[in-house]
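Protein chains in written order, with our numbering: chain A, 3 to 489; chain B, 3 to 489.
Please read the structure below before turning to the comments.
2 protein chains.
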Amino acid sequence: MSTSVSIPETKTFHMTPDEFRKRGYAVVDWIADYYARLETFPVLSRVEPGAIRRSLPKTAPVAGEAFETILAEVEKLILPGITHWQSPNFFAFFPGNASAPAILGDLLSSGLGVQGMLWATSPACTELETHVLDWLVHMLVLPQKFLSTEAGGGVIQDTASSASLCALLAARERATDFATNKRGCDGKLVAYTSSQAHSSIEKDVQIAGIGRDNLRSIAVDEKFAMRPDALARQIDQDRRAGLIPFFVCATVGTTSSNAIDPVPEIGAICQREKIWLHVDAAMSGTAALCPEFRYIHDGLEFADSYCFNPHKWMFTNFDCDCFYVADRKTLIKTLSVLPEYLRNKATETGAVIDYRDWQIPLGRRFRSLKLWFVIRHYGIEGLQHHVREHVRLAQEFAGWVKQDQRFELAAPVPLNLICLRAKGGDELNQSLLDRLNRSGDLYLTHTRLNDRLTLRMCIAQTNTQARHVKRAWQRIQEETEKLQSGK
Amino acid sequence: MSTSVSIPETKTFHMTPDEFRKRGYAVVDWIADYYARLETFPVLSRVEPGAIRRSLPKTAPVAGEAFETILAEVEKLILPGITHWQSPNFFAFFPGNASAPAILGDLLSSGLGVQGMLWATSPACTELETHVLDWLVHMLVLPQKFLSTEAGGGVIQDTASSASLCALLAARERATDFATNKRGCDGKLVAYTSSQAHSSIEKDVQIAGIGRDNLRSIAVDEKFAMRPDALARQIDQDRRAGLIPFFVCATVGTTSSNAIDPVPEIGAICQREKIWLHVDAAMSGTAALCPEFRYIHDGLEFADSYCFNPHKWMFTNFDCDCFYVADRKTLIKTLSVLPEYLRNKATETGAVIDYRDWQIPLGRRFRSLKLWFVIRHYGIEGLQHHVREHVRLAQEFAGWVKQDQRFELAAPVPLNLICLRAKGGDELNQSLLDRLNRSGDLYLTHTRLNDRLTLRMCIAQTNTQARHVKRAWQRIQEETEKLQSGK
């Protein structure tokens with residue numbers, strides 16, 4: 003050493019590993035207790051807008067505070083503002099079902115604190131992800147082309163919105179021979195999805211510079227599934243107008259009603275027309291774990307890309323969307339920008355995957371750990387058991403609705419989402435929904451089908467059992483009775 | 003009840019709260035032990051491409067496995083493939099410094115498992131985020147216009163890449179009176195950033211349909227900071243060519259060399275030209291916690307948007323980028339698409355924030371918990387202490403480089419990143435970098451400045467102390483000596 007330094011070791015403010023251990027136990031205890039008392043909370047938070055903020059100090063503390071104080075305030079200040087997505091009485095939106103192995107896998111990811119943007123920044127982060135996503139190709143019996151050992155491959159995205167955006171961008175570049183990345187959009191590209199597709203497709207076309215005027219909303223049939231004849235007609239009309247059809251998004255399990263677009267027919271059209279087909283199975287793809295539900299993926303051999311969300315129905319906490327492409331080279335060429343400070347030998351060999359080129363952001367978390375934990379903890383048979391149970395409970399619930407003359411099913415129930423109405427118009431159903439949600443006993447959300455207000459009941463929360471579903475039906479019946487008798 | 007059901011309670015495969023408690027303790031222990039032995043690992047993983055995958059079974063298990071087995075395999079199979087971002091000897095890329103309170107706040111977020119896409123989906127998730135981001139405006143003394151109580155507001159994004167994409171999109175829509183969202187891009191919009199800006203800006207213009215040909219790379223001065231005269235000239239030239247300048251990204255602390263663009267001059271140009279100014283302080287914004295470093299934000303009063311990354315230098319584990327806009331209405335109008343199934347009363351009152359309209363994806367995690375935990379645990383003075391210590395250590399290191407005739411500084415060292423070279427050309431420096439990283443004693447990355455290979459040493463890991471920095475300098479000197487003497 004040619005230099006001499008003398009730097010005092012000062013107070014660090016950091017927790018020691020043993021302090022972390024003690025406080026970590028306390029947080030684990032808090033979560034365990036939270037799950038044990040989940041059913042005691044009103045599912046939908048009852049706070050008024052601004053109430054949580056008013057309970058918090060206007061400025062940040064100058065001096066550090068005791069961990070015990072912070073944790074106590076989670077209980078006192080934060081908990082009242084929580085809508086309990088993990089409650090067994092949560093039937094709203096999508097299940098978002100976390101589980102113990104997922105939470106613990108995610109904790110390890112936080113603890114390791116590594117970046118997965120490049121293979122080199124933590125090889126295990128990339129390789130475990132590739133490996134688990136290949137596992138899932140086998141588990142769901144997806145087309146082999148989606149395997150990383152073929153020309154395709156899978157990657158974890160935060161959400162299906164981002165997955166469909168990546169698909170849209172790759173499609174855009176394939177259609178323009180990568181000229182759009184270079185020169186920008188020119189208003190000639192046209193995308194297609196059904197009127198029942200997720201709102202993210204509209205957001206994606208706006209983000210990607212395509213413009214929502216260039217997104218065609220294709221009509222659906224009586225089951226709310228895309229009509230292939232209408233798609234073909236629209237494509238033909240657009241071609242004749244000098245436009246360039248380049249992207250179709252089909253949905254397997256729409257958000258509104260779980261409708262399943264006819265992918266074989268749509269796929270044949272896309273193949274003939276050389277249009278990128280993305281299949282969005284965010285809500286429902288998990289069902290394909292069970293052989294009896296694999297029909298939902300019929301036609302997937304036509305797809306250029308596909309996604310489903312373990313954070314929606316596979317016991318994996320947010321965020322975890324599994325996104326697959328049949329041709330990874332196109333995706334990578336679309337999203338790769340390589341500055342000097344990211345260059346490295348492993349990348350240059352071409353022997354590794356750098357997932358930064360498979361997504362919108364650069365940085366990425368070690369998300370495959372939680373997915374690996376879930377798959378290993380439950381095993382394929384544990385996961386199948388629960389998917390079957392959720393579908394069975396939903397079918398049983400649908401049966402009850404059908405048998406009760408005061409109610410009607412608003413859509414077919416292929417899997418675990420029931421769309422129902424009390425007979426009597428939008429006002430009645432809005433009141434019913436409000437009463438149920440205000441009661442705190444359960445939480446349902448709504449949609450509109452055939453321009454009529456419709457209650458959505460989605461069954462797949464981790465801890466939902468038959469008794470919760472039975473109780474939900476009882477409560478729906480009770481409140482409907484009260485409304486009908488003017489109480 | 004008009005129906006009768008009899009559903010047996012079957013084996014659930016789920017962990018009970020008490021099983022979760024026991025295994026949660028085990029994971030907390032593993033992490034505590036990991037931090038206690040962090041210095042024993044080679045910082046950069048030594049595995050060969052494919053090695054991790056080969057150690058894993060080809061297919062997923064049919065039957066569930068014991069948690070103890072899974073955790074043991076993290077140690078055995080995953081750990082060798084980890085590049086230790088949390089090591090005190092990690093000086094590569096950016097620090098990515100996690101901390102105990104962040105890990106525990108994130109654990110709570112995983113446990114609660116709520117969605118923050120709408121205010122109603124968990125009011126506390128939205129309100130705590132808004133509140134903590136307002137705290138940070140005060141803590142960093144950012145312009146008041148970024149407060150949610152003014153016309154602006156803050157939101158947590160996954161990364162600065164996504165933040166700058168949102169800024170770019172809002173700028174695009176403001177410049178075209180929201181016509182681009184509707185009709186798509188037309189190739190006339192032009193964006194500007196320096197040749198030293200982060201690669202994500204190029205990626206963003208590609209994603210947004212602007213095209214990289216319409217991104218101007220503005221020349222930098224001898225300190226690698228954007229030249230305002232060159233910016234003004236380019237804008238003028240583009241206007242004369244009939245193009246529409248709409249977006250400038252200035253950088254406060256570039257990734258390559260920590261250069262600080264002259265925001266006051268750039269801002270004045272943007273104001274005059276009515277161009278959206280985004281200031282990317284991902285790497286360095288945290289420094290503004292300390293009054294003596296707040297000069298880095300001079301000129302921020304001109305900015306339409308701004309971001310900095312607590313996951314880069316504020317003890318908050320990934321992902322956590324804080325993104326601010328001066329005019330939230332423009333951002334929201336740019337990114338909002340409202341389908342029926344997301345409509346709700348709270349949203350309709352206009353009294354609440356729905357953060358889904360402030361970001362690319364729809365779903366979002368409760369990320370403000372970890373940030374709240376960090377700020378409260380350390381307090382403003384704890385955070386200031388560490389920022390000062392990191393900068394002091396970096397300045398001391400820079401002094402050593404300057405004093406040693408075998409080395410040179412390749413750029414000014416305003417904060418905590420030192421760019422250096424051993425005198426003797428690219429080959430020598432590449433060998434030096436490879437030897438150091440292969441040794442496992444420390445991890446540095448590189449960049450190119452003035453077309454010469456340059457070592458980057460970034461000092462801000464949570465557990466980095468003076469002794470680690472001193473040892474790093476010693477190792478750099480040793481390996482350089484060996485190389486120069488032909489060993």
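Quick reminder that beta carbons are idealized off the backbone N, C-alpha and C, glycines included.
Residue from the options with nearest C-alpha to residue i
i                      : options                       : result
residue 170 of chain B : B:130, B:144, B:64 and B:217  : B:217
residue 481 of chain A : A:468, A:70 and A:436         : A:436
residue 121 of chain A : A:355, A:396 and A:452        : A:355
residue 135 of chain A : A:33, A:421, A:74 and A:308   : A:308
residue 37 of chain B  : B:84, B:89 and B:177          : B:89
residue 83 of chain B  : B:177, B:43, B:115 and B:69   : B:43
residue 459 of chain B : B:303, B:426, B:96 and B:78   : B:96
residue 138 of chain A : A:51, A:362, A:366 and A:290  : A:290
residue 349 of chain B : A:50, A:18 and A:153          : A:50
residue 336 of chain B : B:31, B:228, B:150 and B:177  : B:177
residue 93 of chain A  : A:461, A:484, A:441 and A:294 : A:461
residue 205 of chain A : B:168, B:224, B:226 and B:198 : B:168
residue 247 of chain B : B:321, B:273, B:140 and B:262 : B:273
residue 191 of chain B : B:152, B:75, B:245 and B:164  : B:245
residue 453 of chain B : B:314, B:427 and B:324        : B:427
residue 241 of chain B : B:360, B:193 and B:230        : B:193
residue 386 of chain B : A:46, A:35, A:17 and A:66     : A:66
residue 463 of chain B : B:405, B:311 and B:316        : B:316
residue 370 of chain A : B:55, B:434 and B:23          : B:55
Buried/exposed call for residue i, threshold 16 Cβ in 10 Å
i                      : result
residue 287 of chain B : buried
residue 487 of chain B : exposed
residue 160 of chain B : buried
residue 331 of chain B : exposed
residue 403 of chain A : buried
residue 418 of chain B : buried
residue 10 of chain A  : For residue 10 of chain A, the predicted structure reports a pLDDT of 42, less than 50, and the residue's modelled location is therefore unreliable. A value from the coordinates is still provided. Result: exposed.
residue 64 of chain A  : exposed
residue 61 of chain A  : exposed
residue 383 of chain B : exposed
residue 8 of chain A   : In this prediction, residue 8 of chain A has a pLDDT of 39, which is less than 50 and means its spatial position is unreliable; what the coordinates show is noted afterwards. So residue 8 of chain A ends up on the exposed side.
residue 243 of chain A : exposed
residue 3 of chain B   : Summary for residue 3 of chain B: the model assigns pLDDT 33, below 50, so the residue's position carries little reliability; its value from the coordinates is reported in the next sentence. So residue 3 of chain B counts as exposed.
residue 115 of chain A : buried
residue 117 of chain A : buried
residue 6 of chain B   : Residue placement at residue 6 of chain B cannot be trusted, given a pLDDT of 39 that sits under 50; what the coordinates show is reported in the next sentence. Flag for residue 6 of chain B reads exposed.
residue 2 of chain A   : This structure leaves residue 2 of chain A out entirely; chain A is present only between 3 and 489.
residue 68 of chain A  : exposed
residue 78 of chain A  : exposed
Taking a Cβ distance cut-off of 7 Å, strictly less, list which residues of the region 62 to 93 of chain B are near chain A, in chain order.
62, 63, 64, 65, 66, 67, 69, 72, 76, 80, 83, 84, 85, 87 and 88
Is the region 142 to 155 of chain A in contact with the region 292 to 304 of chain A, if contact means three or more CB pairs nearer than 8 Å?
yes
Minimum length 3: unbroken beta strand (DSSP E) runs contained in the region 387 to 460 of chain A
409 to 411, 419 to 424, 447 to 451 and 454 to 460
I'd like the ranges of any alpha helix (DSSP H) spanning at least 4 consecutive residues and lying wholly in the region 169 to 252 of chain B.
181 to 185, 201 to 209 and 230 to 242
Can you give, in chain order, each stretch of the beta strand (DSSP E) that sits fully within the region 309 to 351 of chain B and has at least 3 residues?
323 to 327
How about the region 400 to 415 of chain A and the region 336 to 344 of chain A: do they share at least three Cβ pairs that are nearer than 8 Å?
no
So, does the region 466 to 475 of chain A touch the region 394 to 408 of chain A, judging by three or more C-beta pairs under 8 Å?
yes
Touching by the beta-carbon criterion (3+ pairs, under 8 Å), the region 213 to 228 of chain B and the region 371 to 388 of chain B
no
Using a Cβ cut-off of 9 Å, which residues of the region 378 to 393 of chain A contact any Cβ in chain B, in chain order?
378, 379, 380, 381, 382, 383, 384, 385, 387, 388 and 391
Kindly confirm or deny that the region 248 to 268 of chain B and the region 446 to 463 of chain B touch, where touching means at least three C-beta pairs closer than 8 Å.
yes
Short of 7 Å Cβ to Cβ, which residues in the region 139 to 150 of chain B face chain A?
140 and 141
Name the residues in the region 151 to 179 of chain B whose C-beta lies less than 9 Å from a C-beta of chain A; which are they?
159, 160, 161, 162, 163, 164, 167, 171, 174 and 175
Touch check for the region 220 to 227 of chain A and the region 181 to 191 of chain A: three-plus C-beta pairs under 8 Å?
no
Using a Cβ cut-off of 8 Å, which residues of the region 28 to 52 of chain B contact any Cβ in chain A, in chain order?
29, 30, 31, 32, 33, 34, 35, 36, 37, 38, 46, 47, 49, 51 and 52
Tell me the start and end of each unbroken beta strand (DSSP E) in the region 84 to 172 of chain A that is at least 3 residues and wholly inside, in chain order.
155 to 159
Near-chain B residues of the region 441 to 454 of chain A - C-beta to any C-beta below 8 Å
447, 448, 449 and 450
Using a Cβ-Cβ cut-off of less than 9 Å, list which residues of the region 229 to 260 of chain A approach chain B; keep chain order.
257 and 258
Scan the region 183 to 204 of chain B for residues whose Cβ lies nearer than 7 Å to a Cβ of chain A and list them as they occur along the chain.
183, 184, 185, 186, 187, 188, 189, 201, 202 and 204
For the region 283 to 302 of chain B, which residues have a beta carbon sitting closer than 7 Å to at least one beta carbon of chain A?
none
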